[in-house]
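Our numbering puts the sequence shown at residues 925 to 1019.
The beta-carbon is built from N, C-alpha and C at its ideal position, and this holds for glycine as well.
Since the structure is predicted, the reported quantities are computational estimates derived from the model, not experimental observations.
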Amino acid sequence: MKLTREEVLHIAELARLGLSESEVVRFQEQLSDILTYADRLQQVDLSHISPSARVQALQTVLRSDEVRPSFPRELILANAPQAAEGSFRVPPVLE
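Put into structure tokens, the structure is as follows:
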């Protein structure tokens, strides 16, 4: 797809870019090449490829979350410098 000079100037205006004449010519060529390549990609036949968001299969590396016996809360909080309402009490981070 070949971009016109006016289209390049319009894109530059939308992006709030001031372009010199040589930049307009250079960007016209470069943007045209990019759009031509994008057109070629659109024409690739992908009907034999299944759509996927990931290349590798998903697998979890975490253990399953299950309830197990633990220490009594009172025993744990007995080692805390400060405790309140069954939880550790810590100094405030924000004032």
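By DSSP's criteria, A1008 is part of a beta bridge. Which residues make up the other side? Numbered from 1 along the sequence shown, position 84 holds the residue referred to as residue 1008. Looking at the DSSP assignment, A1008 forms a beta bridge with S1011.
I'd like the list of long-range same chain contacts for V991, defined as Cβ closer than 8 Å, with 5 residues on each side in sequence excluded. Here residue 991 refers to the residue found at position 67 when the sequence shown is read from its first residue. Beyond the five residues adjoining it in sequence on each side, V991 comes within less than 8 Å, by CB distance, of no other residue in the same chain.
Cβ neighbour criterion (16 or more within 10 Å) applied to V932: Within the sequence shown, residue 932 is the residue found at index 8, counting from 1. Here V932 is buried: its Cβ has 16 or more other Cβ atoms, across all protein chains shown, within 10 Å.
Exposed or buried, L927, counting other C-beta atoms within 10 Å across all chains shown (16 or more means buried)? Within the sequence shown, residue 927 is the residue found at index 3, counting from 1. Buried: at least 16 other Cβ atoms inside 10 Å.
So R964 is in the alpha helix (DSSP H); what residue range does that whole segment cover? Residue mapping note: residue 964 aligns to position 40 of the sequence shown, counting from 1. Annotation for R964: the continuous alpha helix (DSSP H) segment containing it runs E945 to Q966.
Under 7 Å Cβ to Cβ from M1020, same chain only, skipping five residues before and after it: list those, please. With the chain running from 925 to 1019 in the structure shown, residue 1020 is simply not present.
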